[in-house]
Structures are given as structure tokens and as C-alpha cells.
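Protein chains in written order, with my numbering: chain A, 1 to 414; chain B, 1 to 378. Data block below; observations after.
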Amino acid sequence: MSDLTAVKEEVRTWLQENWDDSLSLVEWRNRLADSGWGVPDWPRQWYGRDLPVAILPEIEEEFAEINAIGVARSGIRMLAAATILEHGSDMHKKEFLRRILTGEDTWCQLFSEPGSGSDLAGATTRADFDGENWIINGQKLWTTSAHHADYGLLLARTDWDVPKHQGLTYFILDMTQPGVDVHQVKQMNGHASFNQVFITDATIAPQHRVDEEGAGWRVAMTTLAHERRNADGMNRLNRDSGLPGAIYEEERKEVATVMEPYKWYPQRAGRVDLVMPRAQQTGRIEDAGIRQEIAKLLIMSKSAEWTARRARAAQEQGMPQGPEGSLGKLSASNVARQASRVHTLISGADALLTGSDGAMDGLIAEVLVSVPAVSIAGGTDEIQRNIISERVLGMEKEPRFDSGPFKDVPRNVI
Amino acid sequence: MQFVFTEEQHQFREVVKRFLRDKSPTTEVRRLMETDDGFDPVVWKQLSEELALPSLIVPEKYGGAGFGFVELSIVMEEMGHSLLCAPYFSSVVLAANAILNAGTEEQKLDLLPQIASGSIRATLAVTESSGRWEATAVELAAKTDGDGFILQGEKCFVVDGHTADKIIVVARLEGSDGDSGISFFVVDGEAPGIKKTLLKTVDPTRKLARLEFDGVQAQPLGEPGAGLDALNKTLDQAAIALSNEMIGGTQYLMDSTVEYSKVRMQFGRVIGSFQAIKHKCADMLIQLELAKSAAYHAAAALDEGDENVPVLASMAKSAASDAYIQVAADSIQVHGGIGFTWDQDTHLWFKRAKSSEVFLGDPAYHRELMMQRWGEGI
């Protein structure tokens, strides 16, 4: 406890002496990187202070107290940092970490492909060594931020003669080179939040391979684990400070750019919060059939919330987590689908209209055409059910047809 | 709000679970469901004396153990899991709570110690042939008769009504209607003028009776005519307890289905390796866990005096009813033909799921109730 008080005291003093809102965002963040207070849980050697993760909120509080800005945390860059810290060489750390923290470099994640969605390890983007460099050819898909990224975390196949998980290697790809061609993908809801990346004879220097050749799957798992962890903190870190001044304006722009692709995400979750107000405003609350559907939704949504709280409470008390911890993703899909049904019922014929003609200036229509994403993105409902039945209920896997050398595995032709 | 059980509650659950696994195997369930009384007095005695379960929620000053609804819910969940055939729901959940909610101090001091010790078994008679568990549906009339009252009318769907020593009857003062005039009475099970008929139930593990009252002399429980709040509260408490019983049964069905799917071979592999089966089981789990959260939450809310208990009770009842009957139907489906036989046990829980779905009002009724009661801060 006294340790914590001392740490808080130390950071407070440092901030008082160093926080200067007349600096540029990058200047300030370089100062943070030098001090170790930007990422106190990182190693001292690499811009941190070797402090436990648990006290980060306390340190963030000190920042918030005087409205000091933190290091760049939004977007894929923190996944890149976590992966490099765990699997990268010292050279990688030296080359990339500082500019991640200052926000000068933007990163993206080149994992999914047109031919490998749920089956991520089935990637067919190839990396061939020509004696000097790795030559990359293939296509990646669903790549958020690729259109303005400086670097990409790339999963590519380097060995086609071994089983699929063993033939992948993890690379850092310079996205600004000529062989990398980025196109936005327009979605059914009209937004274009993701990109397709065509990679043609792009090159990667040998030193930009991360970890061993063939270790790509293991490294990718680290990235994905951090992705799941980060999802929780997203809202907190991307709050708009609302403060005047150049440095805040710079931060605001950075966050706005990163968050742009996610602006319809509340709608894809179904906007349960709008159901009762809409039912009341439209008078549909009087309809007995609709009341039943609203009640089903509210029960489902509340129970899912309580289930998550049971899981969290067990975790906080150091008790073994029961199955309740694995159900969030699938529950969210069920809730979103029912919410979409209910919004349709409440809107009646207005559900035919969108944009300025639609209910709530098109917001409800956006719910109706965004909800189908929830049960696909980040692991489909079907994959979730496999995970639940196999890992929680201990049921057997389906027989597989992809365990031999990857070159013999039937796959999509693209 | 409590979101995890304490270490003591976990230990308590283990004790109850061990007792019930031992005393209520399906061979016993099958034996007792064929009897008219529907319970084993020896097991009732052991349950009362060794574990003191009937005393659980009775406050200490009335001879009870003074625990809360979270503990009661643990007992209910385990009883639902074991499909225990015993008058616990009728005597403890329904009657003891009705007395606590409606009775005078003197009546509590008189009746509750007897229920807490298990020496008498009581029940609560609310519903009539209309099948509605609500005040406005009560027609049975209480007429003044000199200094006392006599009851005239009929009650139906009374749990263990044919075997209870004491019957708490909800009646209305003669000439009243709607919400007004609701009154509780205590009647001796053997009082002259009561005709008790055991009903033929789909679920033979929970006995129901029709009770006809023809000029039966009755003691008011609490103030005659002022019973509305006590009735509503008792019904909410009963719904919460029943929800917890239901999730225990749902858990049993899911577990037994998953286990069966791991050993049953077809097409050269266990059926539990087919995604068609695995996904059904994953959906069972999600329904179960969500219903569990609603049921636990409602019980904790009761103990913490949360003002939203009425909403939470209806949410829990609706969620548990839907989960139980869906999982029961899916359980039979996964078992295939054998699941439709009398000798395989699944139908015992299926029938309990059906009776629990309807008892105290079906899920649609509770959803409507929930909408009427919905407020901010839930």
C-alpha cells in the first residue's frame, strides 16, 4: 500500500514538473517515453518502469487529475507493441516501440484473408525468401486502418509441406511500399470500415521477421489475446477530453481517425437502450404482442449483463470462473438479433425507410442493417458454439480434413 | 448486489447436494410419484431434523435459522436438480412466507416454529379453477359468522393440498371485488366441510389438489381484507424460489444430455462430435446460465430489500420457465428414441419443466407483469 502511495506521489511530482500543454503531441509523448510513465507496466529498458498492471488505473488517475495526455494507445498499435515486446528482437523494439508510443506510426493487422475467415490458420498469402529478402504475395481482408497504416502485422505462409499451423511466419510489413495496394470494402450498411489489401511482390527484410520461421501462429495468438483484452478498455481510452488547446486538438484528431471505422458499432449491437423510449414515443408500447417481444429482449439483455457480472465478480474474488465467462459473445449476438426484431416491430412501416426519411434520421435503419455483423465479426456464432461445446462442455471436435501437409489441404480458389 | 456465492454458501450447497443425491435418486422419485401422498415421511423427517431445511428462512425468534433467500434458492436449486418429492415448496416457500407476510406476531409465534421443525406441513391455496395466480382472480368468499369467518368456494392447483396439516387460504371478503377484500385464513387440513381431491397431474412428482370449502370455519391470518400486499409479496417470493428450482432441473438435463452425447455412437463416432448436437448443447448452456443469472439476481435482490423485486421476480420466472422447457425438449431430442421412453429418466424432468412453466403464471403472463412493473434502475 505504501508502495502505491509512493508511486502515486512520484508520478504526480513528475507530471507537475513535466506536463506542458504547449508542447506538440509528439514532443510530449517522447518525454513520456523517456520517463517510463507512459507505459509503466513495460520493462524499464523499453520505455516503462516494470510496475504491475494492477496499479495502472491509479497512475492514469494522476494523469486525469491535471488533464495530462497519455501515450498513443488506440487502434492496432498497442497490439503491435504487445506482440513485439513478447516476441520481437531488441532491434524491433528499438526500431518500432517509441514511434508507436508517440503515435507517429499507425499499424494494422494482416491476418484474415478472403479464403480464410473463421479458419485463420488457413492463410495462403505466401512469403518466399529470394536469398536477400522475403517476397510477399497474396490478399488480406477486413484490415481496419490499412489505408493509413505505416506498418502491418503480417501472417504469411513460409512452408507448404507441413501442417497448416506450423507453416506460418509472422512479419512486419512496410505498408508504404509499391507492392501494397489498399482498397476500402463497402459493407451492406453503406459504411466502409475495412480494407482489402493486395500484396504483389512486396518485400520484407529478413530482420523484420518476428520470432522463428514457422512460429507465426503462436505469435498471432499473442496478438489476438491482447485484442480481446483491449476490447474492454477501448471506451475508456478513447473518450474525448473536450479541452481547448493545440495538443488536445491533435489528440482529438488522432482518436477521431482511429475511431472512424467503429462509429456504427453501437448500432450493430442492437441499441437496446432505444427500445423503451421508441416504444413509448410511437405508442407501440400499448401493443400486447410487441410488449412480449420487448420483455423477451430486456430479460435476455439484463440476464447477459448479470452473467458477465457473475464472471467478473468470481474473477475479482479469485474464484474459479464457471462457464458464465465464455458466453458473452454469443449472448451479445442473441441480444442484437432480438433487438433488431423489436426495433422492426416498433417502427412498423417506417422500417422500410432509411436516411433522413427513416426513424431517428436513419439510425434505426442503421441498426437493422448493421446487426448481421455481430454474429460474424470476431468469431462467428458457430465458432463460438464450437468453443463453448468443446472447451466448456468437453465435447469432441469434428473430424478434421486439414491435418496433413498444407499443400494437400482442399481450400478456396481465389 | 451479491454476484457470487460466499464460501459458506458453497459449503452449504455441498451438504444439501450430498443429502439429496443420497435420498432422492430417480428410483425413489419413481417410487414416490406413484403414491398419492407423493413424499417419504422418513426423508422429510431427516431433512427436517438432520439438515433443518424447513427452518431455513424462518427468523430465529420464530424457531428458525434466519437465513435468506439466497440460501433458500440454493436449496431449491438442488431440490430441482434431484427432483426431490417432498412438501418443501408448499410448506416452506409458500406457507411459511405467507404467514411471515400476512400473519400477526402471535400467529407467527404459534405457526412458524411448527413449520420450521417440520412437525407440521402447510400449504397455500390461492388459485381457483380460473388458473390465475393473482388477487383479482380470487373468488372464494369469506363470510362473517358470528365472531368468526366461514369459507365458501373452491381452490384448485393447491400443491400438496391433500396432505397438508394446515392450509393457508386466500379468500375475499364477501361483497368485495378486484384488488380489495383480499384476506388470508388458516384452516386445519382436517377441518369439517373441506373436500379434498387429488388431481391427475402431468407432472406426478408435484402433487396438486382441488379443495372445496363448504362453510368451513376459518381463522383470519392477519387483518381480514388487508391481504393484497402480502399476497403479491408471497407470489413474488414463490416465483423467485421456483425459478431457482427450475434452473437446478435445467442444469441436470443439460449435464445428462452432454454426458449421453459423449457416449452414444452413431455413424462411427460419438454424437457429441456432430456440430448439430454440439451447438444445441452450447445453446442449452447459454439459456441455463442466463436464466441462472436472473434467478440468482432476484434472490439476492430480495435479501437486499431491492425495490425492484417484483420486476426481477417476473424476469426470473419467465427466463427460467423458457430455459427449462426448451432444454427439456432438446434433451429428449438429443437422446433420440430412448428419450421418449418411460424407462429413461428425461421425461421426469420434462414434466417438472412443464408444470413449473405454468405454475404461478406462464412466461407470457410474467413478461406482461414485468412490463407493467418496469422502471428505471433495473
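Even for Gly, the Cβ is constructed at its ideal location relative to N, Cα and C.
- Look at Pro40(A) here: in three-state DSSP terms it is coil, with no helix or strand label.
- Under the Cβ distance rule, Val369(A) does not count among the residues neighbouring chain B, no pair being separated by less than 8 Å.
- Three or more Cβ pairs drawn from the segment 118-125 of chain B and the segment 156-166 of chain B lie within less than 8 Å of each other, which places the two stretches in contact.
- Among the bridge pairs identified by DSSP, Ile204(A) is matched with Trp134(A).
- Beta-bridge annotation (DSSP): Trp107(A) is paired with Tyr151(A).
- Taking a cut-off of 8 Å for Cβ pairs, the segment 311-330 of chain A and the segment 384-398 of chain A touch, as three or more such pairs fall below it.
- If you check each beta-carbon in the segment 4-24 of chain B against every beta-carbon of chain A, the ones closer than 7 Å belong to Val4.
- Taking 8 Å as the CB threshold, Ala6(A) stays off the interface with chain B.
- When the five nearest sequence neighbours on each side are left out, the beta carbons in the same chain lying within less than 6 Å of the beta carbon of Thr257(B) are those of Ser331, Val334, in order along the chain.
- Of all C-beta pairs linking the segment 371-385 of chain A to the segment 277-292 of chain B, three or more are shorter than 8 Å, placing the two stretches in contact.
- In the DSSP secondary-structure assignment, Asp408(A) is not bridged to any residue.
- For Met319(A), a Cβ of chain B is located within less than 8 Å of the residue's own Cβ.
- DSSP assignment within the segment 66-103 of chain B yields the following whole alpha helix (DSSP H) runs of 4 residues or more, N-terminal first: 69-82, 97-102.
- At a Cβ-Cβ threshold of 8 Å, Arg310(A) and Ser293(B) count as neighbours.
- Sixteen is the threshold: when 16 or more other Cβ atoms of the shown chains lie within 10 Å of the Cβ of Gly248(B), as they do, the residue is buried.
- By the neighbour-count definition (other C-beta atoms within 10 Å, threshold 16), Leu109(B) is an exposed residue.
- Annotation: Val58(B) has no Cβ neighbours in chain A at a cutoff of 7 Å; minimum Cβ distance is about 28 Å.
- The beta carbons of Thr102(A) and Ala81(A) sit about 12 Å from each other, so the pair does not count as a contact at 8 Å.
- Cβ neighbours of Leu285(B) within its own chain (closer than 8 Å, five residues either side excluded): Met254.
- Residue state for Leu51(B) is assigned as coil, using DSSP reduced to three classes.
- Contact of Glu286(A) with chain B by beta-carbon distance below 7 Å is absent, the smallest such distance being about 11 Å.
- Just measuring C-alpha positions, the residue of Pro399(A), Arg252(A), Met78(A), Glu251(A) sitting nearest Ala225(A) is Met78(A).
- In the three-state DSSP reduction, Ser116(A) falls in the strand class (E or B).
- Under a 10 Å Cβ-count criterion, Thr124(A) is classified as buried, with 16 or more other Cβ atoms of the shown protein chains found around its own Cβ.
- Beta-bridge analysis with DSSP links Asn195(A) to Gln184(A).
- At least 8 Å separates the CB of Ala336(A) from every CB of chain B.
- As computed with DSSP, Phe213(B) is found in a beta bridge with Gly153(B), Ile194(B).
- Approximately 6 Å separates the beta-carbon atoms of Ser145(A) and Thr106(A); this is inside 8 Å, confirming the contact.
- For a Cβ distance threshold of 8 Å, nothing in chain A lies close to Glu134(B): the least Cβ distance comes to about 17 Å.
- The beta carbon of Gln287(B) is closer than 7 Å to those of Ala323, Gln326, Val327 in its chain, skipping five residues each way along the sequence.
- If only uninterrupted beta strand (DSSP E) runs of at least 3 residues are considered, none is enclosed by the segment 311-351 of chain B.
- Close to chain A, meaning a Cβ-Cβ distance shorter than 8 Å, are the following residues of the segment 294-317 of chain B: Ala294, Tyr296, His297, Met315.
- Scanning its chain for C-beta atoms nearer than 6 Å, with the 5 sequence neighbours on each side dropped, one finds around Asn97(B) the residues Thr234, Gln237, in chain order.
- Put simply, the CB of Val374(A) is far from chain B, with every gap to its CB atoms at 8 Å or more.
- With the rule of 3 Cβ pairs closer than 8 Å, the segment 177-195 of chain A does not count as touching the segment 114-121 of chain A.
- Around Arg367(B), the beta-carbon contacts reaching into chain A at under 8 Å are Arg291, Gln292, Ala295, Lys296, Ile299.
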